Amino acid sequence: MARARSRTAIGRTTVALGAAGTIAFAPIAGAVAPVMAQEAEAALDPITIRVGANDGFTRIEFAGVVGARSRIRREGQAVVVRIGSTAAPDVSRLKVDPPPGVAKVETRAVIDATELVLTLAEGGDIRSGTADGAVWLNLYPAGETPPVVAAAPGAAVPAGGTVPVTATKGADRVSLSFGWAAPVGAAIFRRGDAVWIVFDTAARMNMAAARDLGPAADARWAVGPDYTAMRISAPAELAVSASAEGAEWTVTIGGPSAAASGIAVDRDDRAETALVARMAGATRTVWLTDPMVGDRFAAVTAMAPGKAFADRRRSVDLTLLPTAHGLAVETATDDLMIRAEGDLVTLSRPKGLILSPPSMALEAAEVAAPETPRKAQFPALILPEWAHSGEEGFLVRHRKLQDAAALESIAASDNPRSPIEARLALIRFLVGSGLGFEAIGVVNAMFAQTPSLQGEPELRGLRGAARASIGRLEDAALDFSAGSLAGDPSTRVWQGWLATEQGDWAGARQAFAAGAAAIDDFPPEWRARFGAAHAMAALETGDLNAARALLAYSFSQDAPAADQLTARLVQARLFELEGATDRALAVYKAVGRAPLDGIATPAKLGVIRIELARGTLKPVDAAAQLEQLKWRWRGDATELSVIRTLGGLYTSQGRYREALDTLRGAGKRMGDLPGASELQADLSNAFRALFLDGAADGLQPVQALALFYDFRDLTPVGADGDEMVRRLARRLVDVDLLDQAAELLKYQVDNRLEGVAKAQVATTLATVLLMDRQPEPALQALWGSRTTLLPSALNAERRALEARALMDLGRFDHALETLGDDRSPEAQQVRAEILWKQQDWAAAATLYEARLGDRFRDTATALTADEESRVIRAGVGYSLARDTTALTRLSRNYEPFKAGARSGAALRIALDGLNGMEGAASAQDFAGLTASADTFTGWVAQMKTQLRERTGGNRAAATPARPVPPAAATGAAGQG
Numbered sequence: 010m011a012r013a014r015s016r017t018a019i020g021r022t023t024v025a026l027g028a029a030g031t032i033a034f035a036p037i038a039g040a041v042a043p044v045m046a047q048e049a050e051a052a053l054d055p056i057t058i059r060v061g062a063n064d065g066f067t068r069i070e071f072a073g074v075v076g077a078r079s080r081i082r083r084e085g086q087a088v089v090v091r092i093g094s095t096a097a098p099d100v101s102r103l104k105v106d107p108p109p110g111v112a113k114v115e116t117r118a119v120i121d122a123t124e125l126v127l128t129l130a131e132g133g134d135i136r137s138g139t140a141d142g143a144v145w146l147n148l149y150p151a152g153e154t155p156p157v158v159a160a161a162p163g164a165a166v167p168a169g170g171t172v173p174v175t176a177t178k179g180a181d182r183v184s185l186s187f188g189w190a191a192p193v194g195a196a197i198f199r200r201g202d203a204v205w206i207v208f209d210t211a212a213r214m215n216m217a218a219a220r221d222l223g224p225a226a227d228a229r230w231a232v233g234p235d236y237t238a239m240r241i242s243a244p245a246e247l248a249v250s251a252s253a254e255g256a257e258w259t260v261t262i263g264g265p266s267a268a269a270s271g272i273a274v275d276r277d278d279r280a281e282t283a284l285v286a287r288m289a290g291a292t293r294t295v296w297l298t299d300p301m302v303g304d305r306f307a308a309v310t311a312m313a314p315g316k317a318f319a320d321r322r323r324s325v326d327l328t329l330l331p332t333a334h335g336l337a338v339e340t341a342t343d344d345l346m347i348r349a350e351g352d353l354v355t356l357s358r359p360k361g362l363i364l365s366p367p368s369m370a371l372e373a374a375e376v377a378a379p380e381t382p383r384k385a386q387f388p389a390l391i392l393p394e395w396a397h398s399g400e401e402g403f404l405v406r407h408r409k410l411q412d413a414a415a416l417e418s419i420a421a422s423d424n425p426r427s428p429i430e431a432r433l434a435l436i437r438f439l440v441g442s443g444l445g446f447e448a449i450g451v452v453n454a455m456f457a458q459t460p461s462l463q464g465e466p467e468l469r470g471l472r473g474a475a476r477a478s479i480g481r482l483e484d485a486a487l488d489f490s491a492g493s494l495a496g497d498p499s500t501r502v503w504q505g506w507l508a509t510e511q512g513d514w515a516g517a518r519q520a521f522a523a524g525a526a527a528i529d530d531f532p533p534e535w536r537a538r539f540g541a542a543h544a545m546a547a548l549e550t551g552d553l554n555a556a557r558a559l560l561a562y563s564f565s566q567d568a569p570a571a572d573q574l575t576a577r578l579v580q581a582r583l584f585e586l587e588g589a590t591d592r593a594l595a596v597y598k599a600v601g602r603a604p605l606d607g608i609a610t611p612a613k614l615g616v617i618r619i620e621l622a623r624g625t626l627k628p629v630d631a632a633a634q635l636e637q638l639k640w641r642w643r644g645d646a647t648e649l650s651v652i653r654t655l656g657g658l659y660t661s662q663g664r665y666r667e668a669l670d671t672l673r674g675a676g677k678r679m680g681d682l683p684g685a686s687e688l689q690a691d692l693s694n695a696f697r698a699l700f701l702d703g704a705a706d707g708l709q710p711v712q713a714l715a716l717f718y719d720f721r722d723l724t725p726v727g728a729d730g731d732e733m734v735r736r737l738a739r740r741l742v743d744v745d746l747l748d749q750a751a752e753l754l755k756y757q758v759d760n761r762l763e764g765v766a767k768a769q770v771a772t773t774l775a776t777v778l779l780m781d782r783q784p785e786p787a788l789q790a791l792w793g794s795r796t797t798l799l800p801s802a803l804n805a806e807r808r809a810l811e812a813r814a815l816m817d818l819g820r821f822d823h824a825l826e827t828l829g830d831d832r833s834p835e836a837q838q839v840r841a842e843i844l845w846k847q848q849d850w851a852a853a854a855t856l857y858e859a860r861l862g863d864r865f866r867d868t869a870t871a872l873t874a875d876e877e878s879r880v881i882r883a884g885v886g887y888s889l890a891r892d893t894t895a896l897t898r899l900s901r902n903y904e905p906f907k908a909g910a911r912s913g914a915a916l917r918i919a920l921d922g923l924n925g926m927e928g929a930a931s932a933q934d935f936a937g938l939t940a941s942a943d944t945f946t947g948w949v950a951q952m953k954t955q956l957r958e959r960t961g962g963n964r965a966a967a968t969p970a971r972p973v974p975p976a977a978a979t980g981a982a983g984q985g
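Heads up: the sequence shown is residues 10 to 985, going by my numbering.
The structure is reproduced here in structure tokens:
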């Protein structure tokens, strides 16, 4: 149970104490309202989390000045509660013992906030809203049904298809009752001389009992796709009120005014500036066009009970109208977005709303002392005078500003509208003095104490400047992207500088041009930095004249030595692009001796680049130097340039593994930089050169396979990726690594391909499996990739492979049935082998001889091993079939080939026949002879040749990859 906090001033000014939260647990009495254990009169912590439960659900409430501003959203099975504090509240009890319906609870840090993530269990559900100054979340386990908050479409329309409207007149008023069949959401408000009534359900209105409207007149209604709108003319002095009982809505025009409450509107500056209305039961946003005026406006409907907005608030982008129920929004823009999500209605534009700074609502500060740092013209501008400490010195001035800021912070604990001038003065002094960390801490403390100040332009601008000055570039970019800084020229200057740090040259030039009005007001050191950065961006985009002018501007500033060296570095790059490499090399070498890695590293890269181009530096030595530079400076465009240069050098030398390792290692860390796309292109090109252009052919197949497996995530999607895999598989097949080749192809078939492409690769897979004598997996590959409209040649090839697999399984009749009337060479080859295995000698011998064609006419060329096998089998078959005539013809045709045959003895015996053994010879007598005529070996050789031709295995390769022994590679990296 939480205790009331101490009210001492010191306790209120401690940031850690102000950010910490408490958590209280209590049962829920009844089914609706939780009874909390904390005393009603006890002061709440900034974040107080209260948990209650009953048999049906668990309620978690977020209260306190920070907790009550929590935002709840759902992402699938995760419920995310965003709490506006960087100090995470203590939710250990929830983590250890999650409520029913919740699988786990965890916290995570985000920019300027903490998110509580509750992962729902299977079947779990939630409801959320606001009540009694707190944000609540109801958690329902599986089997518990959350209460229905709105009727299903069509259920709210009465049986007759129309909604009866009844008018009840009084002396100075008229009440309209709408008899819906189920509760619906509504928005009721006045707009000029008309009262608008909008429902979130489409239905026709029956106005028979509402013809006489007393002081009002001319009621017109219209039905939209998912809404109904009614416009009633009524004098402007008549008040409007609304109430609901069950499914019936009652709207009263005239009579006394009713108190309007129930809707709170706050600004949200965490990302793009927006307005957030807390309106329980919000259901839908309906856009309407006023038929009398012709303009467009929006109504946001909500369920009962009544909740009204009393004020009329106007900004540049929109106007919030007073309402009797729901919200009404007028806008002159065409891109205003209104999202109703649970109990929150968010109003925003793509680049944020234009709102007055939060400081406009604060009390006026006392007149500042003359020496107090004054406010700059632009929110992200640093004035040179801010760093002046006067005659009293830095420490005394810092202490005075710090004490004044502390007193102001104490006052703000009791009065949220207290001024912020003293704290702003301290921040200006810290930023101007280069104390970025300290300035960030003060700004963060202000945001934690008063979250609405996140929309103050100067606070966001100065924190962004402080973050940029200490190298927190991503955090700075988030500050500068705030909607409150939109259109600010000083912010654009910072964004240009950040873009150059990340290598986004085109974006940098645009940003610097947009911030030209503010650059000259910065201190000299920053003017020099911005000028050098802008010059580099001009160089990289090809504008050398602009680069010269900008360098002259940078050199003209009274800047520190480090900033002058940075400008000289840009000047060296200008000389290099102009072709004055001698001057460029001299400047690079001079700058490279600086004891500042951020400046010396790009200078040394320039030296390597020029000397390598001249041939005065060997590639091996250049690679060793680049390996050292790779570790010397990290995280920005400089490292990206070093990595790309090193990767290109390795690729040109055929050291593809080193190139891929170098490029991929950087790509994982630097994927957010603008130049990372070029790095990924280098990585992709190196991988393509290996496995598509043939560079990997210089490696042993096992090495090529290992390289592919190490970098297989780089395989492109589509035809190129599939071709890579097929070519690598061919390399493996060439050296009889059939299992590995089949594994590669099977992954493609199972995970990457569909349709004809899948059938093609599955055919290759089946071929490899049959080479490896695995007929059953081969059949599965063929049958699992069947599809219609395959090319005829591919169909014939697949039939032959299927028949061969069936033959290997001993299913000869099924294999012949599969071949059918197919007389293609592949089919005839398989048919001959099936007939041979069936001992149909005459038919098999005829097919073997037919497969030879007129080969016997070319006696000058010796028979291949496959051709010899066919001649031997044909001769043996004719002998066993006792077909002397066919054997004589075969012997006469192939007699000249006996002398040069590889298996001369076997060929002579096959062509000579039985020689008087007609009655005694059998198939077993020829077993040894036919063993030397293994047609399977010939088929495997034929398939290898075919696969090599299909995958370009006979063409010249690109720059061949050369294996680098690990020890040698390590030694090279360590030289220099």
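Even glycine gets a Cβ: it sits at the ideal position worked out from N, Cα and C.
Small disclaimer: the values here were computed from a predicted structure and weren't measured.
Less than 8 Å between the C-beta atoms of residue i and residue j, yes or no?
i, j, result
"residue 470", "residue 382", "no"
"residue 207", "residue 187", "no"
"residue 581", "residue 615", "yes"
"residue 6", "residue 802", "Since the first and last residues shown for the chain are 10 and 985, residue 6 lies out of range."
"residue 114", "residue 129", "no"
"residue 696", "residue 669", "yes"
"residue 344", "residue 138", "no"
"residue 874", "residue 858", "no"
Taking residue i as part of the beta strand (DSSP E), name the residues at either end of that continuous run.
i, result
"residue 301", "From DSSP, residue 301 is part of no beta strand (DSSP E); its letter is neither H nor E."
"residue 82", "80–84"
"residue 610", "Careful: residue 610 lies outside any beta strand (DSSP E), inside the alpha helix (DSSP H) at 606–623."
"residue 61", "56–62"
"residue 231", "226–232"
Could you give the first and the last residue of the continuous alpha helix (DSSP H) run that contains residue i?
i, result
"residue 887", "874–889"
"residue 816", "801–817"
"residue 855", "850–861"
"residue 756", "747–760"
"residue 422", "403–423"
Tell me which residues share the same chain as residue i and place their Cβ nearer than 7 Å to its Cβ, disregarding the 5 neighbours each side in the sequence.
i, result
"residue 596", "577, 580, 581 and 584"
"residue 747", "777, 780 and 781"
"residue 831", "805 and 808"
"residue 411", "435"
Do you know whose CA, among the options, lies nearest residue i's CA?
i, options, result
"residue 707", "662, 693, 719 and 747", "662"
"residue 308", "442, 318 and 520", "318"
"residue 606", "630, 640 and 632", "640"
"residue 535", "478, 908 and 599", "478"
"residue 403", "439, 422, 421 and 420", "439"
"residue 637", "626, 613 and 412", "613"
"residue 950", "118, 739 and 185", "739"
"residue 290", "126, 315 and 93", "315"
"residue 136", "441, 205 and 65", "65"
"residue 153", "277, 182, 109 and 185", "109"
In chain order, what residues of the same chain have a beta carbon less than 6 Å from the beta carbon of residue i, not counting five sequence neighbours either side?
i, result
"residue 324", "364"
"residue 538", "572"
Counting only the same chain and skipping the five closest in sequence on each side, list residues whose C-beta sits under 8 Å from that of residue i.
i, result
"residue 529", "536"
"residue 293", "194, 209, 235, 236, 309, 310 and 349"
"residue 502", "389, 520, 521, 524, 527, 528, 531 and 539"
Run the proximity test for residue i: is its beta-carbon closer than 7 Å to any non-hydrogen atom belonging to the ligand HEM?
i, result
"residue 331", "Looking for the ligand HEM in the displayed structure turns up nothing, as the structure carries no ligands at all."
Verify the CB distance criterion: does residue i have a CB-CB separation below 8 Å to chain B?
i, result
"residue 570", "Going by chain labels, chain B is absent from the structure shown, which holds only one protein chain."
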